[in-house]
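**Student:** Take a look at the following structure, please.
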Amino acid sequence: MNLDDHIWSLASKKLANEASEKELQELNALLAENPELHSQLRLMSKWWDDGEEKPKSDGSVLFGKIQAKIKDMEGTGQPAVAVETPSPVKPEKTMQANYNSTEKLKQHSPFLNSTAMIKNYLKVALRQLRKQKMYAAIKIGGFAFSIAACLLIALYIRDELSFDKSYPNAANVYRLLGHYHDGSVDEKGVDWPSVMAKVIKQDYPEVEKSGRLMPNSLFWGAGANELKRADQADNTHEEGFAYADQGLIDILNLPMVYGDSKHALSEPLSMVISKSKADKYFPGQNPVGKVMYLNNNKTKPFKIAAVMQDIPGNSHLHDFKFFITLAGVEFWNGEQATWDANNYHIYMALKPGTNIAQFNKKVNDGILKNYYIPSMTHNGDKRASRVMSIFNLVVQNVQDINLRSYDIHDGMSHGDIRFVWLFGAVAGFILVIACINFINLSTAKSANRAKEVGLRKVVGSQRSGLIRQFLAESLLYSFFSFVLGLILAWVLLPYFNTLASKSLTMPWVVWWLVPVVLAAAFLIGIVAGIYPAFYLSGFKPAEVLKGNLSTGSKSSVLRNVLVVFQFATSIILIISTVVIYNQMQYLLNKKVGFEKDQVVMIQGTNTLDNQVKPFKSELLKLSTVKSASISDFLPVSGTKRNGNQFFIEGREKIDPTVGGQFWDVDHDYLKTLGIKLVAGRDFIPDMKADSQAVIINQMMANKLGLKNPIGKKIVNYGPGKTIIGVVQDFNFNSMRDGIEPLVMHLSSSESIVSVKIKAGDVKKALDQITATWKQFAPNQPIRYTFMDERFASMYADVQRMGRIFTSFAVLAIMIACLGLFALAAFMAEQRSKEIGIRKVLGATIGNITAMLSMNFVKLVFIAIVIATPIAYYAMTQWLQDFTYRVQLSWWMFALAGVAAIMIALATVSYQSIKAALMNPVKSLKAE
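Per this note's numbering, the very first residue in the sequence shown carries number -17; after that it's consecutive.
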């Protein structure tokens, strides 16, 4: 204890009539060195008398601490009351005259009064910040990191919510959805017949324009291609191709750099490319009118009709860099007029003011009754009589596509509104945890401010003024934290962009940034400081100066509740992190029914034309290659998919259709991918009859009701095909979905060659494969990927969200631990006398540490009880998205509970051990 504090302690005992004779002599000796305190003693004695407290001793001076405290509070270098000097005027009158003079000046100068008051508040707040460096660092540091996290999450949410709002008429642009719900099947899709765009425009006056988009890579030209200029020899791999018509360009009003947007896709064999691709292939030129070839196909020279601005990243169409015209395109005879083939996304621009609910019903009833039911009846589909009850047409606003399409099969990458809500909640929790730290530390250190409050009230401070003072301190902490938080957010943004696969930037130049930051800093400062301000300003001077204040007793319950809330939140985050991690590991390591390891996928082989099979033959000669197969249809993302309807031959007019995939494969497909036959045989290359044979999976056999399917015939479009084999079910879609019925047909599909390499020297195998490729395509670089990597990419979005969630969960736990650390330090400080007495009486370091830690451990146990059912419910709901999922096990919750207890013990143990090691003589002497 320093000299000032010692004098304060002696003077307080004197006023309370609790000082011994020795202490009175020591106090008088210390105060005799400063005779200027005589008038201040009279002020204190008068106040004490007014409080009906009669000191037993009539000491004539108070102590130096009072003058120092009053100077601090006034924010000036002069005494707050008149100092006694040789004069006939009584000190009390001098003080009253000075006070009256000051009040008159304030009344005539309100601006000076307010300015001086604010200046005083800031000076005292800064002084408090300097005096309590550790606690100030924890308050500001916790706030700053929470603010940085909230800013990053806010940037993420702002970007997600901004999707597809840049289109001039976005509020009136819609796409058509189909919702099929029959028994256990509940699916939503966006694929429609080509004729739908024409019908919806001509039958419904609410529709101003309609357009088509066809991104299905099943059709030549869509998806990925090998591209080159007409005067180039080398091909370049490009992705982001889609078929579109002029109607789509008109609906979205895509801005053009070169060319006429009104006729961009109106001519056959025309193409629109993005500005970035135009700069890549035609640097510094206007490429309109230039010709480009896809996949070396010189029979289809595509002429560039326009160059569009790159579609922004916050558009659901941002992956598309090339639009190929649908003008004059018919993929097979009658394809543009049939209602039986669904391959197109239908967009429409509605007239402003259209009642969407009424329009939805009108379209649903009209299209089904006038077109689908007649077509289904004609084809003998037994669902025609109940199609109205199992199928609905719905329009979706373009601005909802990104966040509200998580349950829609559209083949596009997009966000999820549930993650937006989740991250928003995490940001809120992080901020609340930081505010709780501020409240807990402010109220816990109340005893340190109690003397100040008592002195302020003695010299005339009102409670409202004290509240303003404490709120000013809170605001100062908040503004410092926001400045530091902005800097941290800017520093961490590149890492966050990598984590979230975004290209976010800090909006330094937008007009609203400064007002929003200032308003947020003010609001958070008030919210965090309002309770401590009212609590601290409520101390009674008589109790404080008598030493009767029960330190923190009025706020201990609130502190405990807030600590429980912090750790309940942390435990929920820990459990969620454990479940998300285990679900991801389960998906990536689950046996999927095929061998994805050691399989190299060589893409772009369709440019080899009739040399694909010779290329495969050469690969099979390599010492590092076990087998190879030619097929575009593979059980990983980025390969072809289709939709077909199947019947048992002869029952087309009787049984309901069975939807499924129809894949073209070669005779080495099952061998290369390690797919197991459970019945029948594989394809035989030289057997002519196998050209009309198929192999199905177990799911297709079950859906068709075939217990012994070998030898049976199934019908798709055309003549029946004989089932020669049944394979074990394997996952070829995301495991969010179930296994789909599948039919494999012996045919050529030559864009991808899959190569199963021998275990061992992967580099040698890749070198051999590359050398073989160069023999067949010397002007085209080889492009390959490993199947297991492509499989993992199917869950990239969930993994990405999991990493973001985990990062912010760790941050929230760290901020909570910072507060707990500071709180433990203060509690140890407040119990130093008790600790000293216990040690004198024989308590060990272990006893003291356990005593100080036990209260916090009890709070953590309460938090575990509260958090467990909440986390169980939340994670159960999240796992419902996955057809294949882990089971929530007791050990996940036990692990989180043990982790929380260990974190709490690790956080408080340092302060507990430090307090236990303290010399008891020092603590008892200080008290």
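Glycine included, C-beta positions come from ideal geometry on N, C-alpha and C.
These numbers come from a predicted model, not from an experiment.
#1: Ordered along the chain, which non-local residues of its own chain (more than five positions away) have a Cβ less than 6 Å from that of Phe461?
#2: Name the residue from Arg194, Asn198, Thr559, Leu200 whose alpha carbon lies nearest to the alpha carbon of Ile795.
#3: What separation, rounded to the nearest whole angstrom, lies between the Cα atoms of Asp863 and Thr826?
#4: Does the Cβ-Cβ distance between Trp314 and Pro175 come in under 9 Å?
#5: When we look at the beta-carbon of His727 and count the other beta-carbons within 10 Å, is it buried (16 or more) or exposed?
#6: Any contact of the stretch 230 to 240 with the stretch 274 to 285, i.e. 3+ C-beta pairs under 8 Å?
#7: Report the residue from Asn422, His300, Gly828, Ile734 whose alpha carbon sits nearest the alpha carbon of Pro197.
#8: Restricting to Cα atoms, I'd like to know which of Asp770, Gln893, Ser192 is closest to Lys573.
#9: Look at the alpha carbon of Gly931 and the alpha carbon of Asp392, and state the distance between them as a whole number of angstroms.
#10: Roughly how many angstroms lie between the CA atoms of Arg633 and Ile355, to the nearest whole one?
#11: Give the secondary structure of Gly241 by DSSP, where H, G and I count as helix, E and B as strand, and everything else as coil.
#12: Comparing alpha-carbon positions, which option in Glu188, Gln643, Leu453, Asn571 lies nearest Pro334?
#13: Examine chain C for any beta-carbon lying closer than 9 Å to the beta-carbon of Lys4, and answer yes or no.
#14: Val582 and Tyr766 look like a contact to me (Cβ under 8 Å); what is the Cβ gap, rounded to whole Å?
#15: Give a yes or no on contact between the stretch 785 to 794 and the stretch 872 to 889, applying the rule of three or more CB pairs nearer than 8 Å.
#16: Taking the alpha-carbon positions, what's the Gly193 to Asn324 distance?
#17: Our contact map puts Asn379 next to His298 with C-beta atoms below 8 Å; I'd like the distance itself, whole angstroms only.
#18: Taking Leu466 as the reference, give the member of Ala126, Arg112, Tyr117, Lys113 with the closest Cα.
#19: If you measure between the beta carbons of Pro489 and Leu495, is that distance less than 9 Å?
#20: Could you give the DSSP three-state label for His360: helix, strand or coil?
#21: To the nearest angstrom, how far is it from the Cα of Gln680 to the Cα of Lys344?
#22: Distance, Cα to Cα, Gly818 vs Gln869?
#23: Could you give the DSSP three-state label for Asn564: helix, strand or coil?
#24: Alpha carbon to alpha carbon, how far is Ala206 from Arg365?
#25: Rounded to whole angstroms, what's the CA-CA distance from Thr943 to Ile848? Just pull it up for me.
#26: Please report the distance separating the alpha-carbon of Asp242 from that of Leu251.
#27: What number of angstroms, rounded off, separates the C-alpha of Cys132 from the C-alpha of Ala409?
#28: Identify which residue in Leu802, Ile554, Ile692 has its Cα closest to the Cα of Val423.
#29: Using only CA atoms, which one of Lys746, Ile554, Tyr329, Ile895 lies nearest to Met829?
#30: Check the DSSP bridge columns for Gln627 and list the partner residues they point to.
#31: Please report the residue range of the beta strand (DSSP E) in which Ile677 lies.
#32: Quick check: what's the CA-CA separation for Phe45 versus Thr850?
#33: Which residue comes first and which comes last in the beta strand (DSSP E) that contains Val465?
#34: Between the stretch 689 to 708 and the stretch 599 to 614, can you find at least three pairs of beta-carbon atoms closer than 8 Å?
#35: Quick one: Cα of Val65 to Cα of Phe452, how far?
**Tutor:** The answer reads as follows:
#1: Ala503
#2: Thr559
#3: 54 Å
#4: no
#5: buried
#6: no
#7: His300
#8: Asp770
#9: What is shown of the chain runs -17 to 909, which leaves residue 931 out entirely.
#10: 19 Å
#11: strand
#12: Glu188
#13: The structure shown contains no chain C, having only a single protein chain.
#14: 5 Å
#15: no
#16: 15 Å
#17: Between His298 and Asn379 the Cβ distance is about 12 Å, and since that is not below 8 Å, they are no contact.
#18: Ala126
#19: yes
#20: helix
#21: 41 Å
#22: 51 Å
#23: helix
#24: 37 Å
#25: With the chain covering -17 to 909 only, the question about residue 943 has no answer from this structure.
#26: 16 Å
#27: 5 Å
#28: Residue identity check: residue 423 is Leu in the sequence provided, not Val. Nearest option by C-alpha distance: Leu802.
#29: As written in the sequence, residue 829 is Asn, which differs from the Met given in the question. When only C-alpha atoms are compared, the closest one is Ile895.
#30: Gly641
#31: 675 to 679
#32: Low confidence applies to Phe45: its pLDDT is 42, below 50, so where it sits in the model is not reliable enough to give any reading.
#33: Here Val465 belongs to no beta strand (DSSP E); instead the alpha helix (DSSP H) covers 445 to 482.
#34: no
#35: Caution is warranted here: a pLDDT of 40 is assigned to Val65, below 50, making its placement in the model unreliable, and no coordinate value can be reported.
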